[in-house]
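Note that the protein sequences, when read in sequence, are chains A and B. Quick note on numbering: the first sequence equals residues 1 to 469 in my numbering. Quick note on numbering: the second sequence equals residues 1001 to 1469 in my numbering. Note that CB positions come from ideal geometry on N, CA and C, so glycine has one too. Keep in mind the model is a prediction, meaning the values are calculated, not measured. A short worksheet on the structure shown next.
2 protein chains.
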Amino acid sequence: MVIHLPEAMARGKTGLSPRACPTVPAYLWSRAMRRRPARFSLLLALFAAIPATALASGDGHGLSYDIWLILAGMLLAAKLGGEIAVRLNQPAVLGELCVGIVLGNLYLVGIHTFDGAADLVPVEFLAELGVVLLLFEVGLESTLTEMRAVAPTSGLVAIIGVVAPMLLGYGVSLWLLPDAPFSLHLFIGATLCATSVGITARVLKDLDAMARPETRVILGAAVIDDVLGLIVLAVVASIAEFGAVPGPMDLTIIIGLAAGFLIGALLLGAYVMPGVFRFASKLRTPDVLAAVAIGLCLLLAGVSGAAGLAPIVGAFAAGLILDEVHVKPFGRKSAHDLTEIIGPIVAVMAPIFFVRTGMMVQLGGIGTEPLLLALALTVVAIVGKLVSGLGVRGGTADKLTVGIGMVPRGEVGLIFANVGAGIQFEGQPLIAAGVYAAIVLMVMASTVVTPPWLAQRIRQVTRKHADVT
Amino acid sequence: MVIHLPEAMARGKTGLSPRACPTVPAYLWSRAMRRRPARFSLLLALFAAIPATALASGDGHGLSYDIWLILAGMLLAAKLGGEIAVRLNQPAVLGELCVGIVLGNLYLVGIHTFDGAADLVPVEFLAELGVVLLLFEVGLESTLTEMRAVAPTSGLVAIIGVVAPMLLGYGVSLWLLPDAPFSLHLFIGATLCATSVGITARVLKDLDAMARPETRVILGAAVIDDVLGLIVLAVVASIAEFGAVPGPMDLTIIIGLAAGFLIGALLLGAYVMPGVFRFASKLRTPDVLAAVAIGLCLLLAGVSGAAGLAPIVGAFAAGLILDEVHVKPFGRKSAHDLTEIIGPIVAVMAPIFFVRTGMMVQLGGIGTEPLLLALALTVVAIVGKLVSGLGVRGGTADKLTVGIGMVPRGEVGLIFANVGAGIQFEGQPLIAAGVYAAIVLMVMASTVVTPPWLAQRIRQVTRKHADVT
């Protein structure tokens, strides 16, 4: 007899061993407390009821009640951080990142509530879902036609943005690590060529700049960059591991899969989607539009993952191919409705991604020796992407804005570094702990520096434009 | 040097070993090329595109691209199933459950795409989040005042609904398992007393019956039932494990925590929430209302979990205490807005819960010997809860509707059974495999039988009411 019952079900509710108590984001309400002490201390008491041993109780997967408390803390902290950023005239996402850094390093002052929270599968998953839906929403606000128009520019920006940081990174590695093998220089160069577009997309959204020409150039370049990065990683990893470039067959498969996905997504938008949505519009179930749209987004995220690309590339493609023409059968206002439906979901989920990104910045225990390497890498990481803006031709898009928009490395750079750490060279990891730390610092610096800089530049360009007209 | 980087990050995108890759695109596009594809088969093709090797590639936790495909499949299947149910004049949730049963048993016909999908942590988490948000939404549609008015009735319904199934279950166990120990009879009785209100809430919502008096009685009774169930479980488990009822101190702690949570939630609503929302209404970050509301929901879900209650009880309480008065500072239409914001999120997430519930019904490999026990338990499980409707006094609420609404055991019954399976009696699990299987079947039967029955009864009552007036 086979009874297939997830043991996880048993975990939700044990109730038999009330645990000891902790203190949670007291700082959250401290501001509010000054004004209405009595009421807020009640809330504080509620918070104080949250068990301290929260994470100790789980075995790393499966659900316990702690996950709700952690998510509630992350969500409320995100909005508080966003608020502070907005009042300081910064994009909200910067506040979310900073709040994440604070939460992730509370252990330095003896508060262990959020220790390991970023590694919990539900948190990781919700964060990933948040950024997938964010890129879907961003895709909804662009059309394929607009993207096709900027394709040559985007391609040039992407190519410069891959080649320049690679050369510069190679040079820095050769200069600061003269005794390291050739393949390490190559790998460090490769980690610099990735672009993670989540941060940039969020900043542009925070600033209401989705309709700007720079936005389309950056988004297009980020997609192409992801394809190029995939090829670079394959080639570099093959050289490091086997001392040879991959065979033409392997490269063909890698490129073929990625290109196949992108072309397939275009065909899907042109030929299949109208039918699917005409069909869906005849369904009587409520909320079918939202479900089908998000189903499509998840489907393309998965397929792009299967093709070796980042899931956010698929989600963005899903948003792009969902043009107004497709949702027309749902009624005249439905395109607007779709954004109205996706908006709140993204508003709740995406902050989890940015807070988690911040939480992964670990301030404690970083020694001084990788700092010089980190500094040098950060400088060339920024310069290498800034020059990619030179790929912008014509006068419509601002070169510097595009360059800044390409700067964040985000999780993609870390994925590269992790591949390198997994390769053995003469019995040691190719990317040793010190170099790894320097790469992590470079990734974090490039991620945190972007929001304020991009915001400042866009405001400047907008003002200049207003002065001219 | 401590660099704290989740290894999970490395999994998203390795790109080095393009797997025996799904011939996904080919499948999709070939269909697209034919001019006007039959629309149903188009959706089917979308499913077929999901790589069969999906789960084989993951290690059970962490994210790989499969999770997006699985979720897309579950979401689209849910809407298809819901559609069929609606066309057959049934609540959509019945279709979602049935589609889940189909997906979860595809392995019987050699399709292994969804094998183990229900056990994946992201699926489990999203399902749980879906039902938590569903109960939050349901709570938003009721007010504390309304609930207080039905409290005596709800209390009586809950008490009858705990005592009657316990006695009946004890009797059935004594009759069919005459040689089993006293504590097993007791435990089987206890598994029958739980009520899982998710299914009922969804049916009532599908039928637009949230404003009916029965709805408030059922919801109130479900909350009280959860508290009573907690006490019953503690007492029964203590008797089974130690041969004695828990000491007064232990019982006081258990009851105190649960009661403390409920009273705390009431105080929170009355004294703290107005201040929090006045504060939040002054924030300039967009979507702050949705984030604060959902943050509150997750917070109370976690705190109720910490108090030993089900997270959905906390989520429902959060919805209840969020009255219109609290969101008033956000502008006159904000209460309406909040439902508008939460609605789409629930519409996308809740189906994942119901499809997953269906997926856990495993049709294969169930032997015949527990079937008699399962049948007998199912009968008394249903009868025991139906008589709880007799607790309804006055003529406003329909007794039978309330009784049917209390029938589903859902995951709560399984949690009880799992606790029992974890207790050793003379070197054996107290609840052995055969008995366990019978309990699982009882839980599933009580869950699947409710939607059509409840829908039929509510329509009948509505018609009768219309005839009278």
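7 Å CB neighbourhood of residue i in its chain, flanking five on each side removed
{"i": "L106(A)", "result": "T113 and F114"}
{"i": "L268(A)", "result": "I321"}
{"i": "V1288(B)", "result": "A1280"}
{"i": "G1434(B)", "result": "E1369 and P1370"}
Other residues of its chain near residue i: CB distance less than 6 Å, five sequence neighbours each side excluded
{"i": "G1395(B)", "result": "none"}
{"i": "A1301(B)", "result": "V1132, P1311, G1314 and A1315"}
{"i": "S57(A)", "result": "In this prediction, S57(A) has a pLDDT of 32, which is less than 50 and means its spatial position is unreliable; what the coordinates show is noted afterwards. Within the same chain, S57(A) has close Cβ partners S64."}
{"i": "V1346(B)", "result": "L1133, L1134 and E1137"}
{"i": "L46(A)", "result": "Unreliable positioning characterises L46(A) in this predicted model, as indicated by a pLDDT of 39, which lies under 50. A coordinate reading is not provided."}
{"i": "G130(A)", "result": "M349, A350, I352 and F353"}
{"i": "L144(A)", "result": "L320"}
{"i": "L1373(B)", "result": "L1176 and A1438"}
{"i": "V227(A)", "result": "A258"}
{"i": "R459(A)", "result": "none"}
{"i": "A1118(B)", "result": "R1356, M1359 and M1360"}
Amino acids of chain B, ordered along the chain, whose beta-carbon sits closer than 8 Å to that of residue i
{"i": "V292(A)", "result": "L1076 and K1079"}
{"i": "P248(A)", "result": "Chain B residues near P248(A): none, gap ~14 Å exceeds 8 Å."}
{"i": "P429(A)", "result": "What P429(A) touches in chain B: nothing, since even the nearest Cβ is about 13 Å away."}
Which of helix, strand or coil DSSP assigns to residue i
{"i": "P429(A)", "result": "strand"}
{"i": "Q456(A)", "result": "helix"}
{"i": "K1464(B)", "result": "helix"}
Option nearest residue i by Cα separation, candidates the options
{"i": "L1076(B)", "options": "E214(A), I199(A), F277(A) and L266(A)", "result": "F277(A)"}
{"i": "I352(A)", "options": "R202(A), I263(A), A158(A) and E146(A)", "result": "R202(A)"}
{"i": "L1475(B)", "options": "T1215(B), L1454(B) and A1270(B)", "result": "Residue coverage of chain B in this structure runs from 1001 to 1469, which leaves residue 1475(B) outside it and unanswerable."}
{"i": "A1164(B)", "options": "G1427(B), A1455(B), A1438(B) and L1386(B)", "result": "L1386(B)"}
{"i": "G169(A)", "options": "H185(A), A417(A) and P181(A)", "result": "H185(A)"}
{"i": "R457(A)", "options": "F416(A), V468(A), V435(A) and G405(A)", "result": "G405(A)"}
{"i": "P91(A)", "options": "A455(A), D467(A) and L289(A)", "result": "A455(A)"}
{"i": "V1407(B)", "options": "P1429(B), I1218(B) and T1462(B)", "result": "I1218(B)"}
{"i": "L1299(B)", "options": "A1317(B), L1283(B) and K1282(B)", "result": "A1317(B)"}
{"i": "I1294(B)", "options": "D1226(B), A1307(B), V1303(B) and L1338(B)", "result": "L1338(B)"}
{"i": "A240(A)", "options": "T145(A), A190(A), A438(A) and N89(A)", "result": "A190(A)"}
{"i": "L1140(B)", "options": "L1296(B), G1229(B), L1257(B) and D1179(B)", "result": "L1296(B)"}
{"i": "G308(A)", "options": "G229(A), A72(A), L177(A) and K282(A)", "result": "G229(A)"}
{"i": "E1096(B)", "options": "H1465(B), R1087(B), N1089(B) and M1074(B)", "result": "M1074(B)"}
{"i": "V519(A)", "options": "G260(A), I70(A) and K399(A)", "result": "The question about residue 519(A) has no answer, for chain A in this structure spans 1 to 469."}
{"i": "A306(A)", "options": "F261(A), L283(A), P274(A) and A290(A)", "result": "F261(A)"}
{"i": "P1451(B)", "options": "R1409(B), G1104(B), S1154(B) and T1153(B)", "result": "R1409(B)"}
{"i": "L94(A)", "options": "R463(A), L120(A) and V449(A)", "result": "V449(A)"}
Neighbour list for residue i in chain A, Cβ cutoff strictly below 7 Å
{"i": "P1344(B)", "result": "D287, A290, I341, P344 and I345"}
{"i": "G1295(B)", "result": "A72, L75 and L76"}
Close-in-space but distant-in-sequence residues of the same chain around residue i (CB under 8 Å, 5 per side omitted)
{"i": "R1035(B)", "result": "Here R1035(B) scores only 32 on pLDDT, less than 50, and its place in the model should not be relied on; the value that follows carries that caveat. Closer than 8 Å at Cβ, skipping near neighbours: no residue."}
{"i": "F1425(B)", "result": "P1181, S1183, L1184 and A1240"}
Cross-chain neighbours of residue i in chain B, by beta carbon under 7 Å
{"i": "L71(A)", "result": "L1298"}
Neighbour list for residue i in chain B, Cβ cutoff strictly below 9 Å
{"i": "D66(A)", "result": "G1302, G1305 and A1306"}
{"i": "V138(A)", "result": "Those do not exist, as V138(A) stays about 15 Å from chain B at its closest Cβ, beyond 9 Å."}
Partner residues on chain A for residue i, Cβ-Cβ distance less than 8 Å
{"i": "V1348(B)", "result": "D287, A290, A291, I294 and I345"}
Short CB-CB distance (under 9 Å) between residue i and chain C
{"i": "G1110(B)", "result": "Annotation note: the requested chain C is absent from the structure, which comprises protein chains A and B."}
Say whether the segment 1214 to 1222 of chain B touches the segment 1246 to 1258 of chain B, bearing in mind that this needs 3 or more beta-carbon pairs closer than 8 Å, one atom from each stretch. no
If contact is defined by three or more beta carbon pairs under 8 Å, each pair taking one atom from either stretch, is the segment 371 to 384 of chain A in contact with the segment 437 to 450 of chain A? yes
Can we say the segment 72 to 87 of chain A touches the segment 190 to 204 of chain A, given the rule of at least three CB pairs closer than 8 Å? Using a C-beta cut-off of 8 Å, the segment 72 to 87 of chain A makes no contact with the segment 190 to 204 of chain A, since fewer than three inter-stretch Cβ pairs fall below that distance.
Just checking, does the segment 1411 to 1421 of chain B make contact with the segment 1226 to 1243 of chain B on the three C-beta pairs under 8 Å criterion? yes
How about the segment 95 to 102 of chain A and the segment 354 to 362 of chain A: do they share at least three Cβ pairs that are nearer than 8 Å? yes
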